[in-house]
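**Student:** Next up is a structure, given as structure tokens.
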Amino acid sequence: MKIRFFLMLLFLLSLNFESNAQALLNDKDTTFIKIGGAVRFNTIYTIYEGETSPLPTENRNGFFWDTWRFEAKGQTKNIGIDFEYRFYPGFNTHFVKKAFLFHDFSNKLQMQLGVTQVPFGALEFSGNSWWFHLPYYFGLEDDYDTGIKFKWQNKNWTYHFAYFLMAEPRGVSEPGYGSFLSARYSYDVIPEDGYNGNKERNQLNARAEYEKSKFLMGLSAQFGEIYNSTTEETFNHWATAFHSQYSLKEEAKIKFQFTHYDYPNSVDDAGNPVEHINMGAYGFNTYQVASSASTFSLGLSYEYKVDWGPISSLTFYDDYSYMHKYGSIEILGRDYEFVDSHQNILGFMVTAGNTFTFFDIASGINQPWLSSAFGGNALSSGRGENVEEAVGVTEEGMLNPPLANPTINTRFNINIGYYF
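Add 23 to the 1-based position in the sequence shown for my numbering, that's all there is to it.
Here is the structure:
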């Protein structure tokens with residue numbers, strides 16, 4: 024009933040455009056085709072758990088091929104398509120990032136149908152760096168799902184309304200890195216041992232943003248279901264966000280976002296309540312994420328114009344995220360509170376024509392990508408005293424509780440990308 028009401032609301036909104044503007048669009052030749060893409064290379068140097076350690080790939084601390092992607096966008100008879108496919112050679116995975124049809128009902132109202140960006144929080148993303156903010160790593164920044172979305176602009180306001188039947192389709196990956204189902208661009212709830220039935224279904228999104236002069240602010244809401252095909256039962260999840268941006272001058276910007284989400288009735292395949300969910304992307308192993316958390320994200324950036332041959336600007340930034348988790352884990356009759364996560368990215372971007380180079384110092388506490396042991400419990404209970412083992416009781420019968428005061432892990436990252 025809720026979904027039918029929502030779809031009826033979307034239909035009524037689609038009728039809210041000027042007939043003269045519609046006639047103009049119907050008569051106008053809007054045919055075009057654009058082909059593009061990007062090639063990116065990456066190099067890293069890491070200090071994890073006090074030691075220099077590589078990512079869990081064969082690339083080690085060297086220069087390697089990060090990604091290449093193909094993009095196509097076209098339109099004819101006022102029906103268009105927007106498509107992007109990505110390849111990550113370092114992870115032996117490739118997948119669709121976006122693939123949707125679009126139709127402009129007027130110059131104010133557009134519909135998108137297919138694999139499209141979820142309208143939640145700051146768009147296209149809230150971060151300034153190559154890394155995004157922490158919400159990306161639990162599916163609430165630059166997320167893509169399969170469904171229908173409407174975008175309506177009215178003076179200073181922009182509204183988004185969307186219904187997503189499911190997450191984006193999985194791509195192709197190398198089983199040596201992780202689950203086949205994690206071959207995707209954005210993080211989703213995906214099946215894992217003991218949670219094989221959990222899948223995203225029937226998600227509703229609404230977003231409103233107001234922009235005037237140097238200031239913008241917006242609110243987002245999300246409500247959806249997690250269907251477990253093993254128990255044939257469904258539990259809900261919801262999220263909300265407030266985002267804002269202020270331009271001190273044309274070159275300097277401040278971004279802020281508060282995000283809260285909750286999977287209040289998370290269960291495993293046996294129907295037992297749990298205080299975490301399993302998420303995955305990029306063909307890597309899944310990792311645990313706390314069932315409920317609040318995140319604060321702050322980003323500062325300053326663009327400095329230069330005329331140094333091909334180099335036209337340097338953009339300096341600092342992006343910080345803090346994730347406060349609500350939950351605990353019981354080990355041998357004792358409850359251990361979840362330990363919070365932090366991420367800070369200090370760096371700058373060099374713009375030279377179509378080439379963009381990011382120089383980042385990424386630091387994190389309980390950040391799944393900043394550790395010698397990828398993923399694990401970083402975004403749920405926090406890493407254990409033995410970071411190489413799951414939190415709980417090890418196979419050897421040793422107690423491995425969450426580390427109350429984990430160390431800061433750091434990665435120096437350079438990413439060079441040519442976009443065309």
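For each residue, glycine too, the CB sits at the ideal point set by N, CA and C.
(1) Output the residue ranges of the beta strand (DSSP E) runs that lie fully inside the region 244-303 and measure 3 residues or longer, sorted by chain position.
(2) Taking Q390 as the reference, which of N301, G350, N432, T380 has the closest Cα?
(3) Comparing C-alpha positions only, which one of E232, Y233, E223, L271 sits nearest to E248?
(4) Quick check on S336: does DSSP put it in helix, strand or coil?
(5) Look at the Cβ atom of S315, then the Cβ atom of Y286, and state whether they are nearer than 8 angstroms.
(6) Indicate the three-state DSSP secondary structure (helix, strand or coil) for P158 in the structure shown.
(7) Which two residues bound the contiguous beta strand (DSSP E) that contains M189?
(8) From this set, T374, S386, S364, which residue's C-alpha is nearest S404's C-alpha?
(9) Of the choices M421, W91, T282, whose alpha-carbon is the least far from that of G59?
(10) With three or more beta-carbon pairs closer than 8 angstroms as the criterion, would you say the region 226-245 touches the region 165-184?
(11) Which residue comes first and which comes last in the beta strand (DSSP E) that contains E94?
(12) Kindly indicate which three-state DSSP category P198 falls into: helix, strand or coil?
(13) Helix, strand or coil for S394 per DSSP?
(14) Pick out whichever of I368, G73, Y108, N101 has its Cα sitting closest to the Cα of F93.
(15) Under a three-way DSSP split, which group does P424 fall into?
(16) Are at least three pairs of beta-carbons, each pair with one atom in the region 135-155 and one in the region 106-126, less than 8 angstroms apart?
(17) The beta strand (DSSP E) with G220 in it runs from where to where?
(18) Should W154 go down as buried or exposed, given a rule of 16 or more other Cβ atoms within 10 Å for buried?
(19) Report yes if the C-beta distance between H126 and I102 is below 8 angstroms; otherwise report no.
(20) Looking at C-beta atoms only, is the number of pairs between the region 270-279 and the region 375-389 that lie closer than 8 angstroms three or more?
(21) Please classify L204: does DSSP put it in a helix, a strand, or coil?
(22) Assign F114 to one of three DSSP states: helix, strand, or coil.
(23) Does any heavy atom of the ligand PLP sit closer than 7 angstroms to the C-beta of T338?
(24) Does F125 come out as helix, strand or coil in the three-state DSSP assignment?
(25) Let's see if you can read the secondary structure: which residues bound the beta strand (DSSP E) around I213?
(26) Which two residues bound the contiguous beta strand (DSSP E) that contains V362?
(27) Considering Cα atoms alone, identify which of I439, A145, R193 is closest to T116.
(28) Would you identify the three-state DSSP class for D341, choosing helix, strand or coil?
(29) Report the rounded CA-to-CA distance for F246 versus R207, giving the unit in angstroms.
(30) Quick check: what's the CA-CA separation for S289 versus F265?
(31) What's the C-alpha gap between S205 and S196?
(32) For my contact list, Y343 and T318 are in at a C-beta cut-off of 8 angstroms; report their separation, rounded to the angstrom.
(33) Could you give the first and the last residue of the continuous beta strand (DSSP E) run that contains V141?
(34) Can you name, in chain order, every residue of its own chain whose Cβ lies under 7 angstroms from the Cβ of P79, other than the five neighbours on each side?
(35) If you draw a straight line from the C-alpha of I300 to the C-alpha of T263, how long is it?
(36) Taking the straight line between their C-alpha atoms, what separation do you get for N438 and G356?
**Tutor:** Working from what's here:
(1) 256-270, 275-285, 299-303
(2) N432
(3) E223
(4) strand
(5) yes
(6) helix
(7) 180-190
(8) S364
(9) W91
(10) yes
(11) 86-99
(12) coil
(13) coil
(14) Y108
(15) coil
(16) yes
(17) From DSSP, G220 is part of no beta strand (DSSP E); its letter is neither H nor E.
(18) buried
(19) yes
(20) no
(21) helix
(22) helix
(23) This structure simply doesn't include the ligand PLP, nor any ligand for that matter.
(24) strand
(25) Counting along the chain, I213 falls outside any beta strand (DSSP E), and DSSP gives it neither H nor E.
(26) Element bounds for V362: n/a, residue is neither H nor E.
(27) R193
(28) strand
(29) 22 angstroms
(30) 25 angstroms
(31) 8 angstroms
(32) Incorrect: roughly 11 angstroms between the Cβ atoms, too far for contact.
(33) Premise fails: V141 is in no beta strand (DSSP E) and is neither H nor E.
(34) Low local confidence applies: a pLDDT of 47 at P79 is under 50, so the model's placement there is unreliable, with the coordinate-based value given in what follows. Within the same chain, P79 has close Cβ partners F397.
(35) 18 angstroms
(36) 46 angstroms
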